[in-house]
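Down below is the structure, laid out as structure tokens.
Number of protein chains: 2
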Amino acid sequence: MTSEEARKHESLNVAIVVAGAAGVGVGAVLADLGLDSYAILERDDVGASFQQWPEEMRLITPSFPSNSFGCRDLNAVTTDTSPAFALDREHSTGGEYAEYLQGVVEFHDLPIRTGVDVESVQRHDDGFILHTSTGVIQSRFVIWAAGQFEQPNDDPFPGANHSLHNSRVESWSAFADECIEDPIVVVGGYESGIDAALALADLGHEVFVVDEDGSWQFRGPDPSEVLSPYTSQRLREALEHDAPIALEDGIRVERVDVEEGTFDVIGTDGASFTTRNQPVLATGFESGLGIVDEHFEFESGQPRLTDQDGSTISPGLFLAGPQVAHNGQQFCSIYKFRQRFAVVADEIATRLDVDRTVLDEYREKNMFLEDLSCCEPDMCDC
Amino acid sequence: MTSEEARKHESLNVAIVVAGAAGVGVGAVLADLGLDSYAILERDDVGASFQQWPEEMRLITPSFPSNSFGCRDLNAVTTDTSPAFALDREHSTGGEYAEYLQGVVEFHDLPIRTGVDVESVQRHDDGFILHTSTGVIQSRFVIWAAGQFEQPNDDPFPGANHSLHNSRVESWSAFADECIEDPIVVVGGYESGIDAALALADLGHEVFVVDEDGSWQFRGPDPSEVLSPYTSQRLREALEHDAPIALEDGIRVERVDVEEGTFDVIGTDGASFTTRNQPVLATGFESGLGIVDEHFEFESGQPRLTDQDGSTISPGLFLAGPQVAHNGQQFCSIYKFRQRFAVVADEIATRLDVDRTVLDEYREKNMFLEDLSCCEPDMCDC
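Printed below as a string of structure tokens:
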């Protein structure tokens, strides 16, 4: 058997699927534990989904190099790194953040394999068989860290296919160049919708943001439920400077009609927005887990998880990243879900009988969240 | 004795001097401990020194409402509050931050006494006598939390009195209105100097920033040694947009000569900047502690402290705030010095024989930094 063939039927202890923030972060914990039989499988490059952000888009959580005083950089995926320090900015672009992840990979010398597309994950004996574009991998444990940005929710209503999902926009500037002097309709008014509106208004276009809830009106202590301060402040400042943004709440879009190059965005109560510019969908992402859907139970669209973020029906398969949820609380930001990397790693290390003392540091540094009762906003209004 | 007279000779367990970020923060810990015989003495209003910032100036550390996931808001002074949530912005003005502090005072119902100017602090028996503008207070312990913004370093070289210290500027816009079309010279190129230059350039003025070290050229993991990402990024963007800012490093200003309304800022090696606009001093603050200087030993301008931030020569007198330093590391930002509030409170509670279990929560929430060995930047370059 040549080494090429050997690679094609290789056996691992842990396969991490996708080298994004979650895959790199959980991979770094396994490196700290001294695991050698594991790999991070990535179809494209490290941080590929960040690289695909519209070029004007920025991380909404601020980075700050405060590690040495017990305050982790909110966007760090390891205990010892800081995107603020690496990139010297608070709100990096997706491309810059991918650079940071690449830096972490190099610093921790993580076993990344790029160009490996995982096509299926099947149970086999006490583990899993992964069919990939470069061969078959057998792995005792699988950590699914594919994020959600791979599956845009771009068919939420009839006619949505005539629109463009914001995650498919390379740059708002290029998109705006294609637009004519007519309003641009953005469907969805949470982070990405407001971000699109701000970028387009900044480029001189009139924008209608249509949303059922109108999250821009609300405040609350959890930034996954209301606009982040970054977005909220930019919106407020734009409106104070008479940016041509109209915020339309209480309207659920029911369909988009197209006739002779004119788009008619039809909402509840007969609301209608007519424009000759292609509507933008800022409708978020599918809640499913793609090819591993069958390995999870779902409840209200959320994968059910054990206390160690494992599948409840497919032992040995773990979830890492923004789709982790417990007690109705979504761990959808880096500073939230990174606290579960060590929980997953701890469980796997236990089963592999690997020394786990190195994880004490994760506890000390607030990167090992076991007690889930605390995951509820508990702040006063100041 | 009338109650008015009684107040004039009152006795306290703890007197906290000045209701700024440190005074309010350490006061909240004493409230949590259930202390009733203490007061926070403040000459003006809560957060007065923040209120005096130039109106364009912003906090350089970003606020974010991440409390419920184990990441304290960097600018919070208590475990349960977040300026980001209270103010809905990342980088508040000084005035907004003072509002936040006022909110904390109200929420925790802290015993603030405004309009009380502490004129002297003298040892007396086992405690201290404080002479104040409203009477005499005897206190067993004193926590000096006066910050450093009260003592601008505005006489660093001959002729400096012809300049204006940036901390005395109410707004850069009003200052700029008084300027003529001639460059503005800013002496000092750290945070406040660059902030002044950015604000003045934004208002259309040509600015020379003169500094010996030129901190804008350096990077490092500790934002107290290099420009913060907030300032660094704004400077970079301004220069990319051809803002009229000239950065002159390697020049130590030796004096300012004034003749017929013309200011000549003279530096090392014959460097000279001549302008008809009043130079701006961004030369920071005095390192002394004002009226309690005599109660501390000083070493290279830093007050020496016990492991509990007490004076080494005047037992019972503690320091809280940006002038706390250990191992050559300055606790000069809120996210740094707030971790010492509970250390001071713990020591006082021990001596008063007060139950301290409530302080466990401070340990859990990274607001109780005892092990000072960790206060060294320990990050990799990513």
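Residue numbers (the numbering used here), protein chains in the order written: chain A, 2 to 383; chain B, 2 to 383. Even for Gly, the Cβ is constructed at its ideal location relative to N, Cα and C. Remember, it's a predicted structure, so these values are computed and weren't measured experimentally.
Along chain A, which residues have their Cβ under 8 Å away from the Cβ of residue i?
i: N367 of chain B; result: G71, C72 and N367
Which chain B residues are close to residue i, counting only those with a beta carbon under 7 Å from its beta carbon?
i: T62 of chain A; result: F65
i: L370 of chain A; result: G71
Taking the CB atoms as reference points, tell me whether residue i and residue j lie closer together than 8 Å.
i: V188 of chain B; j: A283 of chain B; result: yes
i: V30 of chain B; j: I17 of chain B; result: no
i: S164 of chain B; j: Q324 of chain B; result: no
i: N162 of chain A; j: S193 of chain A; result: no
i: V137 of chain A; j: A99 of chain A; result: no
i: A198 of chain B; j: V210 of chain B; result: yes
i: D250 of chain A; j: G160 of chain A; result: no
i: R253 of chain B; j: T269 of chain B; result: yes
i: N14 of chain A; j: R124 of chain A; result: no
i: G70 of chain B; j: Q340 of chain A; result: At residue 70 of chain B the sequence reads Phe, which differs from the Gly that was named. Contact: yes.
i: F150 of chain B; j: S229 of chain B; result: no
i: G128 of chain B; j: V355 of chain B; result: no
i: F274 of chain B; j: V266 of chain B; result: yes
i: A146 of chain A; j: A32 of chain A; result: no
i: I185 of chain B; j: L236 of chain B; result: no
i: I314 of chain B; j: E300 of chain B; result: no
i: G95 of chain A; j: Q53 of chain A; result: yes
For residue i, list the residues DSSP reports as bridge partners.
i: Q330 of chain B; result: B:H327
i: L13 of chain B; result: B:S140
i: L318 of chain A; result: A:V143
i: T276 of chain B; result: B:F264
i: I246 of chain A; result: A:V208
i: V105 of chain A; result: BP columns for V105 of chain A are empty, so no partner.
i: P304 of chain A; result: A:F299
i: H125 of chain B; result: B:G128
i: V281 of chain B; result: B:L165 and B:V187
i: Y39 of chain B; result: B:V15
i: V344 of chain A; result: Paired residues: none, contrary to the question.
i: D258 of chain A; result: A:D265
i: P153 of chain A; result: A:F286
i: I113 of chain A; result: A:I41
i: R59 of chain A; result: A:T94
Which chain A residues are close to residue i, counting only those with a beta carbon under 7 Å from its beta carbon?
i: A85 of chain B; result: P230
What does residue i touch in chain B if you count any residue whose Cβ is under 8 Å from its own?
i: R90 of chain A; result: P230, S233 and Q234
i: D223 of chain A; result: P66 and S69
i: Q340 of chain A; result: F70 and G71
i: R220 of chain A; result: F86 and D89
Out of the options, point me to the one whose CA is closest to residue i's CA.
i: P224 of chain B; options: B:F332, B:A272, B:H125 and B:R169; result: B:F332
i: Q103 of chain B; options: B:E300, B:D127, B:E43 and B:D155; result: B:E43
i: F158 of chain A; options: A:V210, A:D258 and A:F86; result: A:D258
i: I41 of chain A; options: A:A22, A:G194 and A:F86; result: A:A22
i: V344 of chain B; options: B:L360, B:T79, B:D214 and B:D46; result: B:L360
i: E287 of chain B; options: B:H206, B:D155 and B:P316; result: B:D155
i: E11 of chain A; options: A:V25, A:I130 and A:L88; result: A:I130
i: L75 of chain A; options: A:D183, A:R341, A:K366 and A:Y336; result: A:Y336
i: I292 of chain A; options: A:T135, A:R59, A:S121 and A:D89; result: A:S121
i: F342 of chain A; options: A:T358, A:F369 and A:A326; result: A:F369
i: G329 of chain A; options: A:R277, A:A85, A:S315 and A:G302; result: A:G302
i: S334 of chain B; options: B:T82, B:Y39, B:W54 and B:P63; result: B:P63
i: G221 of chain B; options: A:D126, A:T82 and A:R364; result: A:T82
i: W173 of chain B; options: B:A200, B:E371 and B:Q218; result: B:A200
Whose Cβ in chain A lies nearer than 9 Å to the Cβ of residue i?
i: R59 of chain B; result: The premise fails here: R59 of chain B is roughly 11 Å from chain A at the closest Cβ pair, so nothing lies under 9 Å.
Report the neighbours of residue i on chain B: residues whose CB is nearer than 9 Å to its CB, in chain order.
i: L75 of chain A; result: P63, F65, S67 and C72
Chain A contacts from the stretch 111-135 of chain B (Cβ-Cβ distance under 9 Å): none
Under 7 Å (Cβ pairs) to chain A, residues found in the stretch 235-253 of chain B: When C-beta distances to chain A are compared with 7 Å, every residue of the stretch 235-253 of chain B stays at or above that value.
Chain B contacts from the stretch 323-349 of chain A (Cβ-Cβ distance under 7 Å): Y336, K337 and Q340
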